[in-house]
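Novice:
Residue numbers (this note's numbering), protein chains in the order written: chain A, 304 to 968; chain B, 40 to 188.
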């Protein structure tokens with residue numbers, strides 16, 4: 304009964320999405336306040352029904368209803384409760400439903416926070432989001448209904464893939480999806496602006512906080528995914544340039560460019576067309592990412608052959624969204640205009656250069672991800688493009704990005720000169736350069752890549768420190784240092800912290816790439832191994848029973864110069880239902896290094912195991928940097944001025960009688 | 040500088056930078072593309088010497104041998120028509136098993152032994168790496184045509 308209720312809710316949500324997608328947009332075009340007023344109630348109704356469907360799906364997983372196909376294929380009665388809940392978004396169907404729920408969550412947020420927007424803009428934005436909802440709900444109902452029954456019901460489920468049975472599975476996908484779907488708001492604002500032909504500083508100001516929050520979610524989602532891969536896969540890697548990772552990295556690169564381009568549009572009224580194009584690209588890449596990962600194309604292009612309807616629908620939806628919005632762009636962009644002019648050396652040009660470089664980087668990732676798929680689909684041979692390609696491309700592309708990133712905040716709008724900038728930044732440059740050349744000697748072997756990475760991050764730190772100092776000293780400013788500190792707006796702190804976060808991440812990547820060490824060694828009880836000054840003593844293996852697995856759990860004592868450092872317990876698990884072995888690494892995290900041990904296989908006929916030991920200097924900084932970026936983004940999005948401007952706009956425009964009845968403020 | 044010159048400089052610089060980065064990306068792509076070959080293709084000398092490539096198929100039953108150091112493994116990758124001996128030093132992935140699908144990346148030695156730098160076996164017991172499945176399919180087709188002749 305519950306699954307049918309869920310199916311029915313989805314159908315009702317689709318009907319409401321159609322209403323939400325069509326009436327308000329027609330109303331906005333005709334200036335009909337009654338039609339525009341439909342937007343909010345329809346959006347709220349759609350949210351209620353999608354949430355109900357989502358609850359029905361969770362109920363199916365929690366109650367072990369193995370008469371539902373999705374539950375039977377992805378869950379098991381022995382699976383712990385939290386993973387049964389998480390398993391609901393582990394499958395293709397379930398993740399689409401999560402996507403739809405996120406979309407509705409964002410739409411409701413837009414309806415709540417858009418009261419100060421002109422009625423036409425709000426109606427168009429909510430309408431466009433309704434149309435996106437139509438696409439997803441129809442896709443689910445026609446090709447991938449999560450409530451399809453399995454008759455006769457299975458006695459028990461096939462279990463969730465053991466790799467996914469991890470706290471990471473509970474948090475990573477919802478966070479990532481919040482980011483993916485969040486770009487739909489920026490997209491909807493852009494389409495609304497193209498429809499209305501009004502694209503100005505005010506429009507950019509409305510879009511900015513939404514884009515920033517979406518970017519924060521995506522940043523943290525990618526960070527969680529990377530950390531999860533690091534501790535769960537047992538290979539000590541934190542980024543594999545795997546197509547699935549690339550699918551999330553693509554919208555991040557373009558989203559980063561969009562965030563900065565929006566800033567220029569707001570402050571200077573320029574880059575308008577470019578901003579719209581980036582908003583369309585960011586969302587299109589999010590869609591592409593969702594489908595690439597969830598449709599199974601990446602594991603095999605022939606996955607579509609099992610259900611051609613799915614492939615046709617996805618391609619159709621992508622063509623409609625990307626093609627439709629680009630057509631609209633081509634038709635309306637001339638009306639939007641380019642905006643003001645600026646000099647060859649200026650903050651605008653620095654931001655534009657970085658925008659272009661980020662876009663090229665995104666294009667190169669897209670090439671490396673999609674080209675092998677195309678070749679395979681056209682039966683032209685099988686190739687793979689691995690980390691060497693991406694490394695070779697990313698270092699030269701990101702070097703100027705990071706270098707300019709530190710300069711841009713110092714450059715003046717409209718026009719600046721190179722000599723003036725050089726004078727302003729000479730000390731920061733000198734300090735960063737000298738320390739970058741000397742530091743590698745203190746850390747170990749000197750290598751050009753380590754020096755380059757250190758220089759770029761120290762350059763970001765030094766300029767950030769200088770920027771803060773200039774802010775606090777001010778020119779003939781009144782008041783104490785404390786009052787000046789408080790006067791700095793949230794937007795500036797956000798930028799500052801996020802830029803420092805990039806520097807922190809770059810340090811982590813540089814040092815772990817430059818100085819990591821690892822050792823594969825055969826060990827029996829009592830054996831010791833040495834790596835990077837640490838001694839690892841194998842104390843033995845014992846058996847342990849988990850809820851749905853048995854594990855061989857090793858105990859390894861780590862010492863340094865005779866002093867105890869850690870007791871580490873890597874495991875080799877055998878999951879009973881899927882008969883799948885899993886390596887569960889043990890990590891001793893630290894500020895300057897992680898120690899990481901994973902179990903290889905037991906050597907037949909002996910007591911010995913193959914053990915992999917990793918020494919990972921500064922690896923944690925990679926994720927700490929991302930957390931800094933996330934906090935910075937949140938501070939920027941919460942900047943008071945967005946609210947102040949909203950209040951001012953609201954007081955200026957008294958509520959029109961035809962406006963939608965406010966359900967709750 | 041007149042505004043017109045400035046604009047031309049900007050556009051010229053932009054185009055040059057774009058061309059440079061496109062060249063960089065495409066040459067890196069060219070250099071780091073890794074081709075896939077089935078054991079039969081390797082036997083018929085289609086695979087390059089001194090260049091990294093991938094082979095895939097099944098790990099032949101009974102072929103997995105460990106060297107005395109415990110770390111080096113020798114096994115045979117087969118597409119049921121032809122077999123290629125492989126050696127790999129290091130811990131093997133969890134799902135590496137005799138009779139199961141495998142893909143390895145590495146170089147072919149002069150003695151015909153494939154020296155693997157990476158051994159990939161994917162995350163699911165029932166899952167066959169697409170390359171390995173492709174190799175088996177090709178070998179079966181080839182055998183059928185031989186029988187028909």
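For every residue, glycine included, the Cβ atom is placed at its ideal position computed from N, Cα and C. Given the structure is predicted, the values throughout are model-derived calculations rather than measurements.
Please check if any C-beta of chain B sits within less than 9 Å of the C-beta of residue 855 of chain A.
Specialist: Locating residue 855 of chain A in the first chain gives position 552, where the first residue counts as 1. It does not: the Cβ of residue 855 of chain A has no partner Cβ on chain B nearer than 9 Å.
Novice: In three-state terms, what does DSSP make of residue 875 of chain A?
Specialist: Translated into positions along the first chain, residue 875 of chain A becomes position 572. Residue 875 of chain A: strand per DSSP, three-state reduction.
Novice: Enumerate in chain order the residues of its own chain whose CB-to-CB distance from residue 819 of chain A is below 6 Å, with the five nearest sequence positions on each side excluded.
Specialist: Against the first chain, residue 819 of chain A aligns to sequence position 516. Closer than 6 Å at the Cβ level, and outside the excluded window around residue 819 of chain A, lie 919.
Novice: Evaluate residue 772 of chain A with the Cβ neighbour count: other Cβ atoms within 10 Å of its Cβ, from every protein chain shown; 16 or more gives buried, anything less gives exposed.
Specialist: Counted from its first residue, the first chain places residue 772 of chain A at position 469. When all chains shown are included, residue 772 of chain A counts as exposed.
Novice: Please classify residue 176 of chain B: does DSSP put it in a helix, a strand, or coil?
Specialist: Stepping through the second chain from its first residue, residue 176 of chain B is reached at position 137. DSSP places residue 176 of chain B in helix when its eight states are reduced to three.
Novice: Identify the contact partners of residue 612 of chain A in chain B, using a Cβ-Cβ distance below 7 Å as the criterion.
Specialist: Counted from its first residue, the first chain places residue 612 of chain A at position 309. Residues of chain B passing the Cβ test: none, with the nearest at roughly 22 Å.
Novice: Taking residue 820 of chain A as part of the beta strand (DSSP E), name the residues at either end of that continuous run.
Specialist: On the first chain, position 517 is the one that residue 820 of chain A refers to. Start and end: 820 to 826.
Novice: Could you tell me the alpha carbon to alpha carbon distance between residue 163 of chain B and residue 394 of chain A, rounded to whole angstroms?
Specialist: In the second chain, residue 163 of chain B corresponds to position 124, counting from 1. In the first chain, residue 394 of chain A corresponds to position 91, counting from 1. Because the pLDDT at residue 163 of chain B is just 49, under 50, the model does not fix this residue reliably, and the value given afterwards should be weighed accordingly. Distance between the alpha carbons of residue 163 of chain B and residue 394 of chain A: 14 Å.
Novice: When you compare only the Cα positions, how much space is there between residue 611 of chain A and residue 451 of chain A?
Specialist: For the purposes of this step, residue 611 of chain A is identified with residue 308 of the first chain, where counting begins at 1. For the purposes of this step, residue 451 of chain A is identified with residue 148 of the first chain, where counting begins at 1. Rounded to the nearest angstrom, the two C-alpha atoms are 18 Å apart.
Novice: Check each residue of the stretch 896 to 922 of chain A: if its Cβ is closer than 9 Å to any Cβ of chain B, include it; give the result in chain order.
Specialist: Here the close residues are 901, 902, 903, 904, 906, 907, 909, 911, 913, 914, 915.
Novice: Determine the contact status of residue 650 of chain A and residue 569 of chain A, defining contact as a CB-CB distance below 9 Å.
Specialist: Locating residue 650 of chain A in the first chain gives position 347, counting from the first residue. Locating residue 569 of chain A in the first chain gives position 266, counting from the first residue. No.
Novice: On the premise that residue 437 of chain A lies in contact with residue 324 of chain A, defined as a C-beta separation below 8 Å, what is that separation, rounded to the nearest angstrom?
Specialist: What you label residue 324 of chain A is simply residue 21 of the first chain in a count that begins at 1. What you label residue 437 of chain A is simply residue 134 of the first chain in a count that begins at 1. Indeed they touch by this definition, with Cβ atoms about 5 Å apart.
Novice: Would you kindly check if the distance between the Cβ of residue 661 of chain A and the Cβ of residue 556 of chain A is under 9 Å?
Specialist: On the first chain, residue 556 of chain A is found 253 positions in, with the first residue counted as 1. On the first chain, residue 661 of chain A is found 358 positions in, with the first residue counted as 1. Yes, these two residues count as a Cβ contact at 9 Å.
Novice: At a Cβ cut of 9 Å, what residues of the stretch 822 to 838 of chain A count as close to chain B, listed as they run along the chain?
Specialist: Going along the stretch 822 to 838 of chain A in chain order, one finds 823, 824, 825 with a Cβ nearer than 9 Å to chain B.
Novice: Give the single residue among A/764, A/878, A/727 whose Cα lies nearest to the Cα of residue 735 of chain A.
Specialist: Residue 735 of chain A sits at position 432 when you count from the first residue of the first chain. Taking only the C-alpha atoms, the option nearest residue 735 of chain A is A/764.
Novice: Verify whether the separation of the beta carbon atoms of residue 68 of chain B and residue 688 of chain A is less than 9 Å.
Specialist: Translated into positions along the second chain, residue 68 of chain B becomes position 29. Translated into positions along the first chain, residue 688 of chain A becomes position 385. Going by C-beta atoms, residue 68 of chain B is nearer than 9 Å to residue 688 of chain A.
Novice: Tell me whether residue 848 of chain A sits in a helix, a strand or coil according to DSSP, three-state version.
Specialist: Taking the first residue of the first chain as 1, we reach residue 848 of chain A at position 545. In this structure, residue 848 of chain A counts as strand in the three-state DSSP scheme.
Novice: Distance check for residue 179 of chain B and residue 71 of chain B, CA to CA, integer angstroms please.
Specialist: Residue numbering aside, residue 71 of chain B sits at position 32 when the second chain is read from its first letter. Residue numbering aside, residue 179 of chain B sits at position 140 when the second chain is read from its first letter. Near 30 Å, if we compare the C-alpha coordinates of residue 179 of chain B and residue 71 of chain B.
Novice: Name the one or two DSSP bridge partners that residue 833 of chain A has.
Specialist: As a working note, residue 833 of chain A is residue 530 in the first chain. Partner(s): A/838.
Novice: What does a CB cutoff of less than 7 Å around residue 189 of chain B pick up in its chain, not counting 5 residues either side in sequence?
Specialist: Residue 189 of chain B falls outside the range modelled here, since chain B spans only 40 to 188, and no answer is possible.
Novice: Whole angstroms are fine: how far does the CA of residue 912 of chain A sit from the CA of residue 133 of chain B?
Specialist: In the second chain, counting from the first residue as 1, residue 133 of chain B sits at position 94. In the first chain, counting from the first residue as 1, residue 912 of chain A sits at position 609. Cα-Cα distance, rounded: 13 Å.
Novice: Could you pull out every unbroken alpha helix (DSSP H) segment of at least 4 residues lying fully inside the stretch 702 to 757 of chain A, listed in chain order?
Specialist: Fully enclosed alpha helix (DSSP H) runs of 4 or longer: 721 to 746.
Novice: Output, in chain order, the set of chain A residues within a Cβ distance shorter than 8 Å of residue 178 of chain B.
Specialist: Reading the second chain from its first residue, position 139 is the one you call residue 178 of chain B. What residue 178 of chain B touches in chain A: nothing, since even the nearest Cβ is about 15 Å away.
Novice: Are the CB atoms of residue 936 of chain A and residue 801 of chain A within a distance shorter than 9 Å?
Specialist: Counting from 1 along the first chain, the entry for residue 801 of chain A is found at position 498. Counting from 1 along the first chain, the entry for residue 936 of chain A is found at position 633. Yes.
Novice: With a threshold of 9 Å between beta-carbons, can residue 74 of chain B be considered close to chain A, or not?
Specialist: One-based indexing of the second chain puts residue 74 of chain B at position 35. Chain A contact via Cβ: present.
Novice: What does a CB cutoff of less than 7 Å around residue 444 of chain A pick up in its chain, not counting 5 residues either side in sequence?
Specialist: The count along the first chain starts at 1 and reaches residue 444 of chain A at position 141. For residue 444 of chain A, where only same-chain residues beyond five positions count, the Cβ hits under 7 Å are 313, 314, 317.
Novice: Work out the CA separation of residue 723 of chain A and residue 476 of chain A for me, nearest whole Å.
Specialist: The residue given as residue 476 of chain A occupies position 173 in the first chain. The residue given as residue 723 of chain A occupies position 420 in the first chain. Near 47 Å, if we compare the C-alpha coordinates of residue 723 of chain A and residue 476 of chain A.
Novice: Can you tell me which of the three DSSP states residue 304 of chain A falls into?
Specialist: Here residue 304 of chain A corresponds to residue number 1 of the first chain, with the count starting at 1. DSSP places residue 304 of chain A in coil when its eight states are reduced to three.
Novice: Taking Cβ-Cβ distances shorter than 7 Å, what residues in chain A pair up with residue 189 of chain B?
Specialist: Because chain B here runs from 40 to 188, residue 189 of chain B falls outside it and cannot be looked at.
Novice: Can you look up residue 90 of chain B in the DSSP assignment and give me helix, strand or coil?
Specialist: Position 51 of the second chain, counted from the first residue, corresponds to residue 90 of chain B. If DSSP states are grouped into helix, strand and coil, residue 90 of chain B belongs with coil.
Novice: Mind checking whether residue 490 of chain A and residue 582 of chain A have CB atoms under 9 Å apart?
Specialist: Here residue 490 of chain A corresponds to residue number 187 of the first chain, with the count starting at 1. Here residue 582 of chain A corresponds to residue number 279 of the first chain, with the count starting at 1. In this structure, residue 582 of chain A lies closer than 9 Å to residue 490 of chain A by Cβ.
Novice: Looking at residue 554 of chain A and residue 574 of chain A, is the spacing between their C-beta atoms short of 9 Å?
Specialist: For the purposes of this step, residue 574 of chain A is taken as residue 271 along the first chain, with counting starting at 1. For the purposes of this step, residue 554 of chain A is taken as residue 251 along the first chain, with counting starting at 1. Result no, Cβ atoms of residue 574 of chain A and residue 554 of chain A do not sit closer than 9 Å.
Novice: CA-CA distance, residue 730 of chain A and residue 762 of chain A?
Specialist: Looking up residue 730 of chain A in the first chain gives position 427. Looking up residue 762 of chain A in the first chain gives position 459. Distance between the alpha carbons of residue 730 of chain A and residue 762 of chain A: 10 Å.
Novice: Taking Cβ positions only, does residue 886 of chain A come closer than 9 Å to chain B?
Specialist: The residue given as residue 886 of chain A occupies position 583 in the first chain. Yes, residue 886 of chain A counts as interfacial toward chain B.
Novice: What are the residues of the stretch 111 to 134 of chain B that lie near chain A, defined by any Cβ-Cβ distance shorter than 9 Å?
Specialist: If the cut-off is 9 Å between Cβ atoms, the stretch 111 to 134 of chain B has 128, 129, 130, 131, 132, 133, 134 near chain A.
Novice: Locate the alpha helix (DSSP H) running through residue 450 of chain A, then write down its first and last residues.
Specialist: The residue labelled residue 450 of chain A in the question sits at position 147 within the first chain. Taken as a continuous stretch (DSSP letters only), residue 450 of chain A belongs to no alpha helix (DSSP H), as it is neither H nor E.
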